[in-house]
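Student: Chains as they are written, first to last, in the working numbering: chain G, 3 to 585; chain Y, 3 to 585. No residue lacks a Cβ here, since even glycine has one placed at the ideal position from N, Cα and C. No experiment lies behind these values; they were computed from the predicted model shown.
Number of protein chains: 2
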Amino acid sequence: MNIVPIVNTNDAVVPPAEPNSDLQGVNVISVKDNDSLAARLAVEMKTDLLIVLSDVEGLFDSPPGSDDAKLIDIFYPGDQQSVTFGTKSRVGMGGMEAKVKAALWALQGGTSVVIANGTHPKVSGHVITDIVEGKKVGTFFSEVKPAGPTVEQQGEMARSGGRMLATLEPEQRAEIIYHLADLLTDQQEEILLANKKDLEEAQGRLVGPLLKRLSLSTSKLNSLAIGLRQIAASSQDSVGRVLRRTRIAKNLELEQVTVPIGVLLVIFESRPDCLPQVAALAIATGNGLLLKGGKEAAHSNRILHLLTQEALSIHGVKEAVQLVNTREEVEDLCRLDKMIDLIIPRGSSQLVRDIQKAAKGIPVMGHSEGICHMYVDSEASVDKVTRLVRDSKCEYPAACNALETLLIHRNLLRTPLFDQIIDMLRVEQVKIHAGPKFASYLTFSPSEVKSLRTEYGDLELCIEVVDSVQEAIDHIHKYGSSHTDVIVTENEKTAEFFLQHVDSACVFWNTSTRFSDGYRFGLGAEVGISTSRIHARGPVGLEGLLTTKWLLRGQDHVVSDFSEHGSLKYLHENLPVPQRNTN
Amino acid sequence: MNIVPIVNTNDAVVPPAEPNSDLQGVNVISVKDNDSLAARLAVEMKTDLLIVLSDVEGLFDSPPGSDDAKLIDIFYPGDQQSVTFGTKSRVGMGGMEAKVKAALWALQGGTSVVIANGTHPKVSGHVITDIVEGKKVGTFFSEVKPAGPTVEQQGEMARSGGRMLATLEPEQRAEIIYHLADLLTDQQEEILLANKKDLEEAQGRLVGPLLKRLSLSTSKLNSLAIGLRQIAASSQDSVGRVLRRTRIAKNLELEQVTVPIGVLLVIFESRPDCLPQVAALAIATGNGLLLKGGKEAAHSNRILHLLTQEALSIHGVKEAVQLVNTREEVEDLCRLDKMIDLIIPRGSSQLVRDIQKAAKGIPVMGHSEGICHMYVDSEASVDKVTRLVRDSKCEYPAACNALETLLIHRNLLRTPLFDQIIDMLRVEQVKIHAGPKFASYLTFSPSEVKSLRTEYGDLELCIEVVDSVQEAIDHIHKYGSSHTDVIVTENEKTAEFFLQHVDSACVFWNTSTRFSDGYRFGLGAEVGISTSRIHARGPVGLEGLLTTKWLLRGQDHVVSDFSEHGSLKYLHENLPVPQRNTN
């Protein structure tokens, strides 16, 4: 009849004079308040879900606000979870205890229950839709207990496992990675079998390049093992490296040393070979790791994770790397700011953008865009330009460090150099888009660009004309993504001006844009490329997974000794630190 | 009559057959659609505000989605702002042009207008309350134009001014700071006069410590000038320092150099002396700066900002430091993620927490909590403990690096050492709160702590008992804030175990907690203390305001030369870098 009935103890409904027969084993709950009324109604109407909104987030294991109180996401009645109830809720008749009794009774009657907070100003009106969409809100009462640990428990295991990992000797961490590399080749058959299952299940759903990314092979596993051994080798110098030493006073010495960031959450799409690689990076830097892979690679990820834990076991730190298998949405994981210190998305730029949006209070390392420029100066060498443009644009156009916009000095228009570039682009079948200024110089111009801020990721290139190196720099600042920008010129002064003034993560002179890469930079392992201006910028090696702590060793030093009338003076002598190993 | 009338062209209202007499200068707008109807009604009913909700954010200066399109926050009809309209909105009859016409007509009739987006899924239903609360939503149509630039224009000036600042020689940046220091003493009278105005206006509204923080004096200005000269001296080695050099191949050399972060937003409360200090830090590191001070210090801030710009003028970079005077709420500033690269709140921990919550997609540097621990081991020296506890707790209890929780090894209970500590705390009038375990050991215990996670910031101290160094570490990880934690022991092995395993920004052995400070660490200028694990951790010097960029200088190097069948091999030789200057 299109009517939503509202039934409330506070006005219309008088509780019937029933015996006070509460809870489990009894068929009737006596109606004493809104909670019991709601439960009674929900069961009698055979509803699927009862939502109880309160002024607290849900059910906590101790009184909310106390030191150890934790929200219980899912409550299993058979589990005998220990719950200590605090004082009554500030509003409403029934405290949390009444709500829980009602919920348990409703659950027995076949109705699922969620207790959640209905008072959040910005979200109110949406808590109900969030619950119906299956998001993690409040406490869900369920009869069925999942087999594995919750994601919170996994987070804690990763934290404590990571802390143990961090206190191992560098050689021990390297041993774990070498062992994992060996397992990848030794256990090849099993891995490929699991991968076959994934591929079979993906048949019909995934096609072409996606299927290719999902599939593993002997050669892929072998090169993966080689990569892991490189990470192991470069890991020796990462955790515990002394960056700075200062003598503050006699017998009072300060050290700044590298330490792991803590717990990383790495979210990756179909490619299962990501898993051991990322695990090795985390192990090398002593970080705890939560891995969230794509569903389509579930079988492959499971076996690769088991092998990773087997390798970790040789030094008793099996739990440091966790694979999240629960149905948590990525969005929910990105909100666990107390558990996770850094999120690293590995995948499409769409994934990175989504994660950057979803992350609440947790930093995200990654780049979502690579709009790279090459500026060909009026004093560019004819021999070099074509070579550099071809390598930057055509070698691997899908890479984030591929060229997207070519800026040409006006004087070069209608010169042989210009014709050479265009001829080369034609031969390589690069589609040209003209910038507005470039178009205005031509009688018949290629199609005009839709936006000068486009990442084509394909054999397409925007060409625009500029009047000077300054105009090129302004263009890059206005339309670029601060990833990688290059000048081609034989004039050293112009080149240094460009290197100085362009405000991008990577600024190059007379080289291809495509050198912007951790391996090519010689950083050992590549964690990723960051266009953030905080923490790590550009290609990021293992250092991007490290932070520092300060160690101060004294005798019985107090600051009041250094006050105006104190007996001591600050020395602040810089002491030598060991130089970085040469590869 | 408690009725909200809803009038809509789509159903009940038929437009009257009026002549099509549009817009300015005409008294009647012909009703053609909801927009004109709304404007007509709003003016006839003499409403204060007309809110027009659309499916776009508001009025843009170019068609939304085009390269240069910017949302116009406030539109002044007298200003002849140039607006290019795009195609019609996807929904509704009237496109943006119709809405703007209607808005201008309503404005003429005395009704203010906001055009905003009503379709944001998470905010819908709140856009109206946001507008009524005066938040920056959509485009506001106003007759009155403010005198100064908008905050967006200030952001752009700070960006370009900062970029110019960054390209000056280090000596020039130092000169600016030295000049500012001189101005602070030379122009003392004027500064103190402005400050007097602030103090007078604050009379009756502010009391005691707040008034004290607001007030400047000759001695405060003098020590401020000394501080600035120290920043100038330590600035020489900041921007452009080479951190890493690598020979990638013959004639292909990579350099990682320090560069400014970009544009900083510093939000500070009553203390006006913050302004020149923060400005000097930004100048030293070549960053653009937006300053947002408290209203109560408006006069002082204005003159101090003028002097800062005077100093900046000597090298033509006056605009690099901007004082935000518009009525923008702090919350609105924290959303300008395209303009601001880093937010630094200077003030109470409440301020820091508020900013951390408000910042959307912009990193915040600061710490909101300092719950520092001292663990007194069973092998602690009797002579040292009392001295270290007194300095840590009593010297300046409001500091974030003051001691909050004393962890005592169980064996020390009822020893002379224990009695000495308690006696000292009594003499110093420190109120003791007992942890649950400590309380259980005593016949008559002090009041039990409410939470082991408390920052007292006063002469109050929590004491708890632990059985071992491991238990102390576990307690610190569970209840601490990863700021500063100390062990007191004569056993070097125990001390090193503690230093290794405690996961805090600062971990000390046999010293006071209060050494955790940029000046005491010898970092030169102190930017702040960070408990974040990303970018900067612990006391932060000028380096916290810097990031890096990678410069690659080649001849005509392309990556295809380094492929499997290429002619070149990567060398990846680490080249020496200049050592950091010794102070």
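If we define contact as Cβ-Cβ less than 7 Å, is Asn224 of chain G a contact residue for chain Y?
Tutor: Residue numbering aside, residue 224 of chain G sits at position 222 when the first sequence is read from its first letter. Answer no: the Cβ-Cβ gap between Asn224 of chain G and chain Y never drops below 7 Å.
Student: Listing by chain order, which chain G residues have their CB less than 7 Å from the CB of Ala507 of chain Y?
Tutor: Taking the second sequence and counting its residues from 1, the one referred to as residue 507 of chain Y is at position 505. Lys551, Trp552, listed in chain order.
Student: Is DSSP giving Glu450 of chain G helix, strand or coil here?
Tutor: The sequence position of residue 450 of chain G within the first sequence is 448, counting from 1. Residue state, collapsed to three classes: strand.
Student: Measuring only between beta-carbons, confirm whether His546 of chain Y sits less than 7 Å from chain G.
Tutor: Position 544 of the second sequence, counted from the first residue, corresponds to residue 546 of chain Y. Note that residue 546 of chain Y is Gly in the sequence shown, not His. Cβ-Cβ to chain G under 7 Å: no for Gly546 of chain Y.
Student: Taking only the alpha-carbon atoms, compute the straight-line gap between Gln279 of chain G and Tyr521 of chain G and give it to the nearest angstrom.
Tutor: The residue labelled residue 279 of chain G in the question sits at position 277 within the first sequence. The residue labelled residue 521 of chain G in the question sits at position 519 within the first sequence. Their backbone Cα atoms lie some 14 Å apart in a straight line.
Student: Which of the three DSSP states is assigned to Cys336 of chain G in this structure?
Tutor: Along the first sequence, read from residue 1 onward, the residue named residue 336 of chain G stands at position 334. Coil at Cys336 of chain G, not helix or strand.
Student: Look up Arg249 of chain Y in the DSSP assignment and say whether it is helix, strand or coil.
Tutor: For this step, residue 249 of chain Y is matched to residue 247 along the second sequence. Looking at Arg249 of chain Y - three-state DSSP - the assignment turns out to be strand.
Student: Under the three-state reduction of DSSP, which class applies to Thr533 of chain G: helix, strand or coil?
Tutor: If you number the first sequence from 1, residue 533 of chain G lands on position 531. Of the three classes helix, strand and coil, the one that applies to Thr533 of chain G here is coil, per DSSP.
Student: Buried or exposed, going by whether 16 or more other CB atoms sit within 10 Å of the CB of Asp425 of chain Y?
Tutor: The residue given as residue 425 of chain Y occupies position 423 in the second sequence. Label assigned to Asp425 of chain Y: exposed.
Student: Taking only beta carbons into account, state which residues of the segment 347 to 379 of chain Y come closer than 8 Å to chain G, listed in chain order.
Tutor: Gln358, Gly363, Pro365
Student: For Asp334 of chain G, which option in G:Lys137, G:Ile179, G:Ala183, G:Ala299 has the closest C-alpha, if you only look at C-alpha atoms?
Tutor: One-based indexing of the first sequence puts residue 334 of chain G at position 332. Asp334 of chain G has its Cα closest to that of G:Lys137, out of G:Lys137, G:Ile179, G:Ala183, G:Ala299.
Student: Under 7 Å Cβ to Cβ from Gly349 of chain Y, same chain only, skipping five residues before and after it: list those, please.
Tutor: What you label residue 349 of chain Y is simply residue 347 of the second sequence in a count that begins at 1. Result list for Gly349 of chain Y: Phe270, Glu271, in chain order.
Student: Measure the C-alpha to C-alpha separation of Ser240 of chain Y and Leu283 of chain Y and round it to an integer number of angstroms.
Tutor: The sequence position of residue 240 of chain Y within the second sequence is 238, counting from 1. The sequence position of residue 283 of chain Y within the second sequence is 281, counting from 1. Rounded to whole angstroms, Ser240 of chain Y to Leu283 of chain Y spans 11 Å at the Cα level.
Student: Leaving out the 5 sequence neighbours to the left and right, which residues in its chain are closer than 6 Å to Ser38 of chain Y when beta-carbon positions are compared?
Tutor: Working through the second sequence from its first residue, we reach residue 38 of chain Y at position 36. The residues are Ile31, Ala104.
Student: Answer yes or no: do Arg273 of chain G and Arg215 of chain G have a C-beta to C-beta separation smaller than 7 Å?
Tutor: Residue mapping note: residue 273 of chain G aligns to position 271 of the first sequence, counting from 1. Residue mapping note: residue 215 of chain G aligns to position 213 of the first sequence, counting from 1. Yes, the pair counts as a contact, with Cβ atoms nearer than the cut-off.
Student: Report the three-state DSSP secondary structure of Gln581 of chain G (helix, strand or coil).
Tutor: To locate residue 581 of chain G, count along the first sequence from 1; it is residue 579. DSSP places Gln581 of chain G in coil when its eight states are reduced to three.
Student: Using a cut-off of 9 Å between C-beta atoms, extract the partners of Trp511 of chain G located in chain Y.
Tutor: Your numbering for residue 511 of chain G matches position 509 in the first sequence. Simply Leu553, Leu554, Arg555, Gly556.
Student: Among Y:Gly80, Y:Ser442, Y:Ser394, Y:Glu312, which has the Cα closest to the Cα of Gly459 of chain Y?
Tutor: Looking up residue 459 of chain Y in the second sequence gives position 457. Of all alpha-carbon atoms in Y:Gly80, Y:Ser442, Y:Ser394, Y:Glu312, the one lying nearest the alpha-carbon of Gly459 of chain Y is that of Y:Ser394.
Student: In three-state DSSP terms, what is Ser162 of chain Y?
Tutor: On the second sequence, residue 162 of chain Y is found 160 positions in, with the first residue counted as 1. Here Ser162 of chain Y sits in helix by DSSP.
Student: Quick one: does Lys571 of chain Y have its CB under 7 Å from some CB of chain G?
Tutor: The residue labelled residue 571 of chain Y in the question sits at position 569 within the second sequence. Chain G, which has no Cβ nearer than 7 Å to the Cβ of Lys571 of chain Y, makes this no.
Student: Which one or two residues does DSSP pair with Ala313 of chain G in a beta bridge?
Tutor: Locating residue 313 of chain G in the first sequence gives position 311, counting from the first residue. Looking at the DSSP assignment, Ala313 of chain G forms no beta bridge with any residue, so it has no partner.
Student: For a contact defined as C-beta to C-beta under 8 Å, what are the partners of Phe523 of chain Y on chain G?
Tutor: Taking the first residue of the second sequence as 1, we reach residue 523 of chain Y at position 521. Within chain G, the residues whose beta carbon sits less than 8 Å from that of Phe523 of chain Y are Thr248, Ile250, Leu256, Trp552, listed in sequence order.
Student: What in chain G is Cβ-close to Glu106 of chain Y, meaning under 7 Å?
Tutor: In the second sequence, residue 106 of chain Y corresponds to position 104, counting from 1. Looking at the sequence shown, residue 106 of chain Y is not Glu but Leu. Correct list: empty, because the minimum Cβ distance to chain G is about 30 Å.
Student: In chain order, which alpha helix (DSSP H) runs of at least 4 residues are fully inside the segment 257 to 287 of chain Y?
Tutor: When DSSP assignments are scanned along the segment 257 to 287 of chain Y, the uninterrupted stretches of alpha helix (DSSP H) that are 4 or more residues long and fall wholly within it turn out to be 276 to 286.
Student: Excluding sequence positions up to five away, which residues of its chain have a Cβ less than 6 Å from the Cβ of His567 of chain Y?
Tutor: Taking the first residue of the second sequence as 1, we reach residue 567 of chain Y at position 565. Hits under 6 Å: none found.
Student: Excluding five sequence neighbours on each side, which residues of the same chain lie with their C-beta closer than 8 Å to the C-beta of Met367 of chain G?
Tutor: Taking the first residue of the first sequence as position 1, residue 367 of chain G is located at position 365. Excluding sequence neighbours, Met367 of chain G sits near Leu344, Ile345, Ile346, Val529, Gly530, Ser532, Ser534, His537, Ala538, Val542, Gly546.
Student: Looking at the structure shown, is Asp184 of chain G part of a helix, part of a strand, or coil, going by DSSP?
Tutor: As a first step, residue 184 of chain G must be located in the first sequence, where it is residue number 182. Three-state DSSP puts Asp184 of chain G in a helix.
Student: Determine whether the beta carbon atoms of Val488 of chain G and Met376 of chain G lie at a separation below 7 Å.
Tutor: Against the first sequence, residue 488 of chain G aligns to sequence position 486. Against the first sequence, residue 376 of chain G aligns to sequence position 374. Yes, the pair counts as a contact, with Cβ atoms nearer than the cut-off.
Student: Counting pairs of beta carbons, one from the segment 304 to 319 of chain Y and one from the segment 142 to 150 of chain Y, are three or more of them closer than 8 Å?
Tutor: no
Student: Measure from the alpha carbon of Ser302 of chain G to the alpha carbon of each residue in G:Thr260, G:Glu202, G:Glu575, then state which is nearest.
Tutor: Within the first sequence, numbered from 1, the residue matching residue 302 of chain G stands at position 300. Nearest option by C-alpha distance: G:Glu202.
Student: Entirely within the segment 342 to 374 of chain Y and at least 3 residues each: give me those beta strand (DSSP E) ranges in chain order.
Tutor: 344 to 348
Student: Name the two residues that bound the continuous alpha helix (DSSP H) containing His477 of chain G.
Tutor: As a position in the first sequence, residue 477 of chain G is number 475, starting the count at 1. Element bounds for His477 of chain G: 471 to 481.
Student: So which residues on chain Y does Glu397 of chain G lean against when the C-beta distance must stay under 8 Å?
Tutor: Within the first sequence, the letter at position 395 stands for residue 397 of chain G. By Cβ distance, chain Y contributes Val560, Val561, Ser562.
Student: Please tell me whether Ile536 of chain G has its Cβ less than 7 Å away from any Cβ of chain Y.
Tutor: Against the first sequence, residue 536 of chain G aligns to sequence position 534. So yes, Ile536 of chain G belongs to the interface.
Student: Listed from N- to C-terminal order along the chain, which residues in the segment 406 to 420 of chain G have their beta-carbon within a distance smaller than 8 Å of any beta-carbon of chain Y?
Tutor: none
Student: Would you identify the three-state DSSP class for Cys402 of chain G, choosing helix, strand or coil?
Tutor: As a first step, residue 402 of chain G must be located in the first sequence, where it is residue number 400. Here Cys402 of chain G sits in coil by DSSP.
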